[in-house]
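**Student:** This is the structure I have questions about; it appears just below.
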Amino acid sequence: MTAPQDPPLLDDATLTRSPIVANNAMNRERGLRGVNSYARALGFDPLSRLGPGTAWLDLCCGSGRALFEAAGDPRAEGVRITGVDLVDFFLPAARPAGLDLIAADATGWTAPGRYDLITCVHGLHYVGDRLGLLARIASWLTPTGLFVADFDPAGLALAADLPGELRRQGFEYDARRRRLTLRGAREVEFPYAYLGADDTAGPNYTGQPAVRAHYTGT
Ligand SMILES: C[S@@+](CC[C@H](N)C(=O)[O-])C[C@H]1O[C@@H](n2cnc3c(N)ncnc32)[C@H](O)[C@@H]1O
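Residue numbering for the sequence shown follows the numbering used here, beginning at 77 and increasing consecutively.
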């Protein structure tokens, strides 16, 4: 009997061309509030945490619908809103003042400033080195900034206590809601080496095919 083959692991540049990541069938259309929304996924309305002079970064922002809705809301007066997504499937509408949408791979993009709020709604499931990205995100927060993301520990192949390590690095993880939170900028360094991504892992808890990120302890 032959042993099952390990899946070939993709580097992040190759992963961005994977049909699991760059397809146009995934849900990129969440609005700001309502049933299928950022407020529902994050547990709060992002605008409730923002005011004049503040900045919100949304990684893996999809079409940017929630950001368009936020930027068009009178409460967003003086708020800088930035969305980053791998693919330019942004809504083809005129962009309200204060809204910037950038087509880039979040794992290679560097934030030009600090943010009071950083979100990633059902985006990390498709990112290769997501722990590397989390460490970079931690450095992009203001001292009192908030990061919130959907996060599935089962999406990482890692022979270590990931929830424990996340806590040690300052994150809070709500396992019931699969919600990862970090409050305030900090230096984060995970003691694992990224090996690559498997795009053949199948559906995760959302029911959609996701990417499994492989790491080894160092
Ligand atoms: C399920 S969609 C969610 C979109 C949006 N947050 C929403 O809830 O409507 C996941 C998004 O992650 C984006 N994505 C995947 N890998 C990415 C990467 N490495 N960098 C930036 N965006 C990425 C995809 O293009 C897709 O738009």
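Even glycine gets a Cβ: it sits at the ideal position worked out from N, Cα and C.
A quick note: this is a predicted structure, and the numbers were derived from the prediction, not measured.
Can you tell me whether P122 is buried or exposed, with buried defined as 16 or more other CB within 10 angstroms of its CB?
**Tutor:** Within the sequence shown, residue 122 is the residue found at index 46, counting from 1. It is buried - the Cβ of P122 has at least 16 other Cβ atoms within 10 Å.
**Student:** Below 8 Å on the Cβ atoms is my contact criterion, and I expect L217 with R190 to pass it. Report the Cβ-Cβ distance as a whole number of Å.
**Tutor:** For the purposes of this step, residue 217 is taken as residue 141 along the sequence shown, with counting starting at 1. For the purposes of this step, residue 190 is taken as residue 114 along the sequence shown, with counting starting at 1. Right, the Cβ-Cβ distance comes to about 7 Å (below 8 Å), so this counts as a contact.
**Student:** Out of curiosity, what's the CA-to-CA distance linking A152 and F166?
**Tutor:** Taking the sequence shown and counting its residues from 1, the one referred to as residue 152 is at position 76. Taking the sequence shown and counting its residues from 1, the one referred to as residue 166 is at position 90. About 20 Å.
**Student:** Short of 7 Å in beta carbon distance, which residues of its chain neighbour D161, apart from the five on each side in sequence? Order them along the chain.
**Tutor:** Within the sequence shown, numbered from 1, the residue matching residue 161 stands at position 85. Contacts found: C136, C137, G138 and A179.
**Student:** Go through the region 220-247 residue by residue and report every complete run of the beta strand (DSSP E) that reaches 3 residues or more, in order.
**Tutor:** Correct list: empty.
**Student:** Compute every distance between the C-beta of G208 and the non-hydrogen atoms of ligand 1, then say whether any falls below 7 Å.
**Tutor:** Numbered from its first residue, the sequence shown carries residue 208 at position 132. Every heavy atom of ligand 1 is 7 Å or more from the Cβ of G208, so no.
**Student:** Strictly by DSSP, which residues pair up with S124?
**Tutor:** What you label residue 124 is simply residue 48 of the sequence shown in a count that begins at 1. Bridge partners of S124: none, in fact.
**Student:** Leaving out five residues on either side along the sequence, give the residues of the same chain with a beta carbon under 6 Å from the beta carbon of A236.
**Tutor:** Within the sequence shown, residue 236 is the residue found at index 160, counting from 1. Same-chain partners within the cutoff: G293.
**Student:** Measuring straight from C-alpha to C-alpha, what distance separates N112 and F223?
**Tutor:** By 1-based counting over the sequence shown, the position of residue 112 is 36. By 1-based counting over the sequence shown, the position of residue 223 is 147. Distance between the alpha carbons of N112 and F223 is about 20 Å.
**Student:** With a threshold of 8 Å, are at least 3 pairs of Cβ atoms found where one atom belongs to the region 116-130 and the other to the region 88-97?
**Tutor:** Because the criterion of three Cβ pairs below 8 Å is not met, the region 116-130 and the region 88-97 do not touch.
**Student:** Return helix, strand or coil for D250, following the three-state DSSP convention.
**Tutor:** For this step, residue 250 is matched to residue 174 along the sequence shown. Reduced to three states, the DSSP call for D250 is strand.
**Student:** Around the C-beta of N300, are 16 or more other C-beta atoms found within 10 angstroms, so that it is buried, or is it exposed?
**Tutor:** A query on residue 300 cannot be resolved here, the shown segment of the chain reaching from 77 to 294 and no further.
**Student:** Is the separation between the beta-carbon of Y291 and that of A233 shorter than 8 Å?
**Tutor:** To locate residue 291, count along the sequence shown from 1; it is residue 215. To locate residue 233, count along the sequence shown from 1; it is residue 157. Yes, they are a contact pair.
**Student:** Output yes or no for whether 8 Å exceeds the beta carbon distance between D274 and V264.
**Tutor:** One-based indexing of the sequence shown puts residue 274 at position 198. One-based indexing of the sequence shown puts residue 264 at position 188. No, the pair does not count as a contact, with Cβ atoms beyond the cut-off.
**Student:** If you measure from the CB of D161, is any heavy atom of ligand 1 nearer than 7 Å?
**Tutor:** As a first step, residue 161 must be located in the sequence shown, where it is residue number 85. Under cutoff, so the answer is yes.
**Student:** Among the candidates T220, G140 and G272, whose CA atom is the shortest distance from the CA of T130?
**Tutor:** Counting from one through the sequence shown, the residue named residue 130 turns up at place 54. T130 has its Cα closest to that of T220, out of T220, G140 and G272.
**Student:** Which whole-angstrom value is the C-beta distance of P172 and A211, which I expect to be below 8 Å?
**Tutor:** Counting from 1 along the sequence shown, the entry for residue 172 is found at position 96. Counting from 1 along the sequence shown, the entry for residue 211 is found at position 135. With a Cβ gap of about 32 Å, P172 and A211 do not count as contacting.
**Student:** Got a sec: does ligand 1 put a non-hydrogen atom nearer than 7 Å to the Cβ of D87?
**Tutor:** To locate residue 87, count along the sequence shown from 1; it is residue 11. D87 Cβ: outside cutoff for every heavy atom of ligand 1.
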